[in-house]
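There are 2 protein chains.
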Amino acid sequence: MAFSKKEEFTKEDMWLADIAKALAHPARIRILKILTSMKACMVGNIVEQLPLSQSTVSQHLKELKRVGLIDGEIDGPKVCYCINHKTLNKAKKEMDKLYSIICNC
Amino acid sequence: MAFSKKEEFTKEDMWLADIAKALAHPARIRILKILTSMKACMVGNIVEQLPLSQSTVSQHLKELKRVGLIDGEIDGPKVCYCINHKTLNKAKKEMDKLYSIICNC
DNA sequence: TTACAATATCGTATATTTACGATGAAGGAT
DNA sequence: ATCCTTCATCGTAAATATACGATATTGTAA
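Chains as they are written, first to last, in my numbering: chain H, 1 to 105; chain F, 1001 to 1105.
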């Protein structure tokens, strides 16, 4: 049956898994890199750099926004997206913590 | 339509996304921690520490094995799983690389 | 050989993800 | 006011993921 049992784990593991889920598509990794490389970060600029439709890119942006990895600021009819460095830094910290646990390095 | 366009990205982004996908469930994060904390790492030992059936755990192990994060060594009727540190280190390196690109830290 | 134990795989049901085109909403320009 | 641009959301279809019980497989023990 497909009721998820994800809630039966620790908050920490669930949060990290959720961040990993947001990174689990090359388009979303690419979007994060695009947002870094460009000063302007309108949706249109992202769409034209990806082999995906506008609506699909919008969905990917929504997923990144859901976990807080990016923020969207409304600017007239446009929306300017940017990296949320606070969440990103937390993700890096938690990811490092995981690696330090499962590695011995 | 649901044909994936994941192949239209760079190998690097695809690989990292695939690793992220393998980490995108708290059970699989938990499994990696369990494999680290225990010397013995039979499937049964893992199953008894998770709120999931044996067959479901087996599926999660398969996913971790698919991306090379764990190895399974057959030991009689048992299978002993362990972390693959080579893949794990590569994952850490690539993840750090991504963070260094999208962070400025 | 037969039985048991450990694990993987099959079959199946439901949920979620990924993708698209079409439509809607909101702001700017004429 | 009307049109255009920009983006989100809706509707939809197919793929993938998650979960379970049942069954198959493989090795050990009796």
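Virtual Cβ for every residue (Gly too), placed ideally from N, Cα, C.
If the criterion is Cβ atoms closer than 8 Å, does the pair residue i and residue j meet it?
i: residue 1079 of chain F; j: residue 1072 of chain F; result: yes
i: residue 1098 of chain F; j: residue 1035 of chain F; result: no
i: residue 102 of chain H; j: residue 1013 of chain F; result: no
i: residue 9 of chain H; j: residue 1022 of chain F; result: no
Within 8 Å of any Cβ in chain F, is that where the Cβ of residue i sits?
i: residue 29 of chain H; result: yes
i: residue 17 of chain H; result: yes
i: residue 70 of chain H; result: no
i: residue 41 of chain H; result: no
i: residue 8 of chain H; result: yes
i: residue 1 of chain H; result: Note that residue 1 of chain H has pLDDT 40, beneath the 50 cutoff, so the model's placement of it is unreliable and the number below is only indicative. By this cut-off, residue 1 of chain H is not an interface position.
i: residue 97 of chain H; result: no
In terms of residues, what are the limits of the alpha helix (DSSP H) holding residue i?
i: residue 1073 of chain F; result: Element bounds for residue 1073 of chain F: not the alpha helix (DSSP H) but the beta strand (DSSP E), 1070-1075.
Beta strand (DSSP E) containing residue i: first to last residue?
i: residue 1078 of chain F; result: 1078-1083
Just checking: is the beta-carbon of residue i within a distance shorter than 8 Å of some beta-carbon in chain H?
i: residue 1014 of chain F; result: yes
i: residue 1101 of chain F; result: yes
i: residue 1077 of chain F; result: no
i: residue 1084 of chain F; result: no
With distances taken Cα to Cα, identify the nearest neighbour of residue i among the options.
i: residue 1077 of chain F; options: F:1043, F:1032, F:1039; result: F:1043
i: residue 1065 of chain F; options: F:1051, F:1075, F:1054, F:1083; result: F:1083
i: residue 1089 of chain F; options: H:86, H:96, H:62, H:37; result: H:96
i: residue 11 of chain H; options: F:1018, F:1025, F:1092; result: F:1025
Am I right that residue i and residue j are in contact with their C-beta atoms under 8 Å? What's the rounded C-beta distance?
i: residue 1057 of chain F; j: residue 1046 of chain F; result: 6 Å
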